[in-house]
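Peer 1: Got a structure for you, written out below as structure tokens; questions coming shortly.
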Amino acid sequence: SILIRRLNMVTAADINNADTQSELTKLRGTCRTQRTKKVQELAKVRTELDKAYDEDDNERFLELQERESTLETEIAHYRDLIGTCSSKIDCLLSDSSHQANSQAPTDLPLVAYNDSVTSLATVFADALAKATSNGPSTSTPTKMSDVTELSVSSRTLNDASLLAIHYRRMEALFLAANFGEKGEDGRFCPYDSIKVPVIEKFLETLSPLSTIVNEAARHIDSPTVGHNWASLKGILLDKFCSAQAVRNEVKKRVAKLTFPGAANIDQYIDQLRDIRTLHLSTDHKCTTTSDTGACQCFDQNTHFIDSVLKPVPRDLKVQLVRDVISSARQQHPERHHLDWQLRLPFDGSSDTVTILSLLSDVCCADTCVASVNAPRRSDIRDKVWQASDQRLSTNDNRQRAAHAEAVSWAKSQPYVLLVMGDGVKGANSSTA
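Residue numbers for the sequence shown follow this note's numbering, so the first one is 150 and each next one is one higher.
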């Protein structure tokens, strides 16, 4: 089984060593086959992820998350290999076309070689290159059954404000599944043969939002729109996810922010990331810039950061500003003239120092210090021992010393309460 798996794998070295169009076409077909299998496996893994989440199976959930990440990386890898194969095939076709043009006078002495022959050869070569590089895969043709079998249960949308982000996410998934291609303008378009099931599959992900589904159905049934991906997308985004509507939603969510305490900083940071993702979902056109060219609109930079950090307590915010300035001084000294909010990224990858990562560190330190300095829990025995000490204030030193020794031993035991007085005079002594 290991040998079969190795034979089905294609590496960059295999593509670099391939010198003929037939070899490259075969390698590209293998890559497309593997990519399709990975996409199908990814859909199954995401379905299992939902099941593990519903059943609170944390161990299984973590394993599936790791597998999901691996599959996404492998799909991107095969997509890159397919692009490399296509580019190399184009180069071979171009070289063969030039060679044919240069050899035509000697190989075909009876044919009048002129500009029209050259133009005809060029047209044929360009047409062949376009057909082999841009067309859908012939080795793994996409059928209607491929679309219907794709599970999108884990991709349902519950927030109409995120419709633009949802479109980008689903278009990336459909591209990886070979359900369509990007046009010259960079926009996704499903293949004509499966555009109807692709659009219907997308509408499945909008099932929780009946208003959007009904609006989409209304335009699909109309003769002017129908199952036109680009037209339907533009109509839905304009109505339910316009730039102004998103900005109003951002302001509304910022106004509702409350700080849950340093111990729950992860919850607060998740809210900030959701809000930032929302306001970055629109194609923002800056209308107000500073002298340095930085955007000063509400949705960006200084004003936005001040707004979302407003609920943070003053002492934590002071420490945050200090840490941001200190970190920026070391990593980005050229930004010393900017406002502190602009000296570091607001958010980023886990290995990047950002404002949110420093806020998390500040709250973590505050929580640790608070737990160390927390007062010792109250113990009712302290009050009892204090009362007994006062009663012994008139006794002689020997009795007082014996009492202190007994109390000291009792305090060292977690479940011992020392009882003294006239009431236990007749009790039997124990040496246990």
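Ideal Cβ positions, reconstructed from N, Cα and C, are used throughout, including at glycine.
This one's a predicted model, so the numbers in the text were calculated from it and none came from an experiment.
Residue ranges of each beta strand (DSSP E) run of no fewer than 3 residues wholly in the segment 202–250, ordered along the chain?
Peer 2: Segments of the beta strand (DSSP E) lying fully in the segment 202–250: there are none.
Peer 1: Return yes when the Cβ of Val395 is within less than 9 Å of the Cβ of Ser430, no when it is not.
Peer 2: Taking the sequence shown and counting its residues from 1, one reaches residue 430 at position 281. Taking the sequence shown and counting its residues from 1, one reaches residue 395 at position 246. Yes; because the gap between Cβ atoms is below 9 Å, this pair is in contact.
Peer 1: For Lys587, list the residues DSSP reports as bridge partners.
Peer 2: Because the chain is modelled from 150 through 581, residue 587 falls outside the range shown and cannot be assessed.
Peer 1: Alpha helix (DSSP H) containing Ser294: first to last residue?
Peer 2: Counting from one through the sequence shown, the residue named residue 294 turns up at place 145. Ser294 -> alpha helix (DSSP H) spans 293–298.
Peer 1: Please state whether DSSP places Cys390 in a helix, a strand or coil.
Peer 2: Reading the sequence shown from its first residue, position 241 is the one you call residue 390. Here Cys390 sits in coil by DSSP.
Peer 1: Rounded to whole angstroms, what's the CA-CA distance from Lys200 to Gln189? Just pull it up for me.
Peer 2: Within the sequence shown, the letter at position 51 stands for residue 200. Within the sequence shown, the letter at position 40 stands for residue 189. Computed Cα separation, rounded: 17 Å.
Peer 1: What residue does the alpha helix (DSSP H) around Phe351 start on, and which one ends it?
Peer 2: As a working mapping, residue 351 is identified with position 202 in the sequence shown. That run of the alpha helix (DSSP H) goes 344–353.
Peer 1: Assuming Ser303 contacts Leu198 under a Cβ cut-off of 8 Å, what Cβ separation, rounded to an integer in Å, is found between them?
Peer 2: Residue mapping note: residue 303 aligns to position 154 of the sequence shown, counting from 1. Residue mapping note: residue 198 aligns to position 49 of the sequence shown, counting from 1. Rounded, the Cβ-Cβ distance is 6 Å, consistent with contact.
Peer 1: Are the segment 228–242 and the segment 159–179 in contact at 8 Å, needing three or more beta carbon pairs?
Peer 2: Short answer: they touch.
Peer 1: Taking three-plus beta-carbon pairs below 8 Å as touching, is the segment 489–496 in contact with the segment 462–478?
Peer 2: Contact holds: three or more Cβ-Cβ distances are below 8 Å.
Peer 1: If you reduce the DSSP assignment to three classes, tell me which class Gln480 lands in.
Peer 2: Residue mapping note: residue 480 aligns to position 331 of the sequence shown, counting from 1. In the structure shown, Gln480 sits in a helix (DSSP, three-state: H, G or I).
Peer 1: Would the beta-carbon of Val511 fall within 9 Å of that of Gln480?
Peer 2: As a working note, residue 511 is residue 362 in the sequence shown. As a working note, residue 480 is residue 331 in the sequence shown. No. Outside cutoff.
Peer 1: The alpha helix (DSSP H) spanning Phe495 covers which residue range?
Peer 2: Start at 1 with the first residue of the sequence shown, and residue 495 comes out as number 346. Counting along the chain, Phe495 falls outside any alpha helix (DSSP H), and DSSP gives it neither H nor E.
Peer 1: Just mark Gln183 as buried or exposed, buried being the case when its beta carbon has 16 or more other beta carbons within 10 Å.
Peer 2: Residue mapping note: residue 183 aligns to position 34 of the sequence shown, counting from 1. Flag for Gln183 reads buried.
Peer 1: My assumption, with CB atoms under 8 Å, is that Val403 sits in contact with Val347. Please give the rounded CB distance.
Peer 2: By one-based count along the sequence shown, residue 403 stands at place 254. By one-based count along the sequence shown, residue 347 stands at place 198. That pair is no contact at about 36 Å.
Peer 1: Leaving out five residues on either side along the sequence, give the residues of the same chain with a beta carbon under 7 Å from the beta carbon of Thr160.
Peer 2: Position 11 of the sequence shown holds residue 160. Nothing meets the Cβ criterion.
Peer 1: In whole angstroms, give me the CA-to-CA distance for Ala519 and Cys513.
Peer 2: Start at 1 with the first residue of the sequence shown, and residue 519 comes out as number 370. Start at 1 with the first residue of the sequence shown, and residue 513 comes out as number 364. If I take the Cα positions, the gap works out to 10 Å.
Peer 1: Would you mind working out which of Ala555, Ala309, Gly410 sits nearest Leu427, comparing C-alpha positions?
Peer 2: Here residue 427 refers to the residue found at position 278 when the sequence shown is read from its first residue. Of the candidates Ala555, Ala309, Gly410, the one whose C-alpha sits nearest the C-alpha of Leu427 is Ala309.
Peer 1: Helix, strand or coil, according to DSSP, for Ala192 in the structure here?
Peer 2: Taking the sequence shown and counting its residues from 1, one reaches residue 192 at position 43. Residue state, collapsed to three classes: helix.
Peer 1: In whole angstroms, what is the alpha-carbon distance linking Lys344 and Phe323?
Peer 2: The residue given as residue 344 occupies position 195 in the sequence shown. The residue given as residue 323 occupies position 174 in the sequence shown. Between Lys344 and Phe323, the C-alpha separation is close to 11 Å.
Peer 1: Grab me the residues of Glu398's own chain with a C-beta within less than 6 Å of its C-beta, minus the 5 sequence neighbours each way, in chain order.
Peer 2: Mapped onto the sequence shown, residue 398 falls at position 249. Cβ neighbours of Glu398 beyond the five flanking positions: Ser310.
Peer 1: Going by other Cβ atoms of all chains shown within 10 Å of its Cβ, with 16 needed for buried, is Asn327 buried or exposed?
Peer 2: Within the sequence shown, residue 327 is the residue found at index 178, counting from 1. Flag for Asn327 reads buried.
Peer 1: Can you check whether the CB of Arg216 is closer than 9 Å to the CB of Val194?
Peer 2: Walking along the sequence shown from the start, residue 194 turns up at place 45. Walking along the sequence shown from the start, residue 216 turns up at place 67. Result yes, Cβ atoms of Val194 and Arg216 sit closer than 9 Å.
Peer 1: Exposed or buried, which one is Asp472 when buried takes at least 16 other CB atoms within 10 Å?
Peer 2: If you number the sequence shown from 1, residue 472 lands on position 323. Buried: at least 16 other Cβ atoms inside 10 Å.
Peer 1: Give a yes or no on whether the C-beta atoms belonging to Leu312 and Leu385 are separated by under 9 Å.
Peer 2: By 1-based counting over the sequence shown, the position of residue 312 is 163. By 1-based counting over the sequence shown, the position of residue 385 is 236. Contact flag set, yes.
Peer 1: Going by Cα to Cα distance, which pick from Ala225, Asp163, Cys338, Thr516 is closest to Ala582?
Peer 2: Absent from the model: residue 582. The displayed extent of the chain is 150 to 581, so no value can be given.
Peer 1: Let's test the definition: count the other Cβ atoms within 10 Å of the Cβ of Ser506 and tell me whether it reaches 16, buried, or not, exposed.
Peer 2: Reading the sequence shown from its first residue, position 357 is the one you call residue 506. When all chains shown are included, Ser506 counts as buried.
Peer 1: Buried or exposed: which applies to Lys382, given that a residue is buried once 16 or more other Cβ atoms fall within 10 Å of its Cβ?
Peer 2: Residue 382 sits at position 233 when you count from the first residue of the sequence shown. Its Cβ being crowded by 16 or more others within 10 Å, Lys382 is buried.
Peer 1: Starting from Asp488 and walking both ways along the alpha helix (DSSP H), at which residues does that stretch end?
Peer 2: For the purposes of this step, residue 488 is taken as residue 339 along the sequence shown, with counting starting at 1. Careful: Asp488 lies outside any alpha helix (DSSP H) and carries neither H nor E.
Peer 1: Quick one, are the C-beta atoms of Gly329 and Tyr340 less than 9 Å apart?
Peer 2: In the sequence shown, residue 329 corresponds to position 180, counting from 1. In the sequence shown, residue 340 corresponds to position 191, counting from 1. Yes, these two residues count as a Cβ contact at 9 Å.
Peer 1: For Asn582, which of Ile418, Ile454, Leu241 has the nearest alpha-carbon?
Peer 2: Limits of the chain in this structure are 150 at one end and 581 at the other, which puts residue 582 out of reach.
Peer 1: Residue range of the alpha helix (DSSP H) that Ala162 falls in?
Peer 2: Taking the first residue of the sequence shown as 1, we reach residue 162 at position 13. From DSSP, the alpha helix (DSSP H) with Ala162 extends over 161–166.
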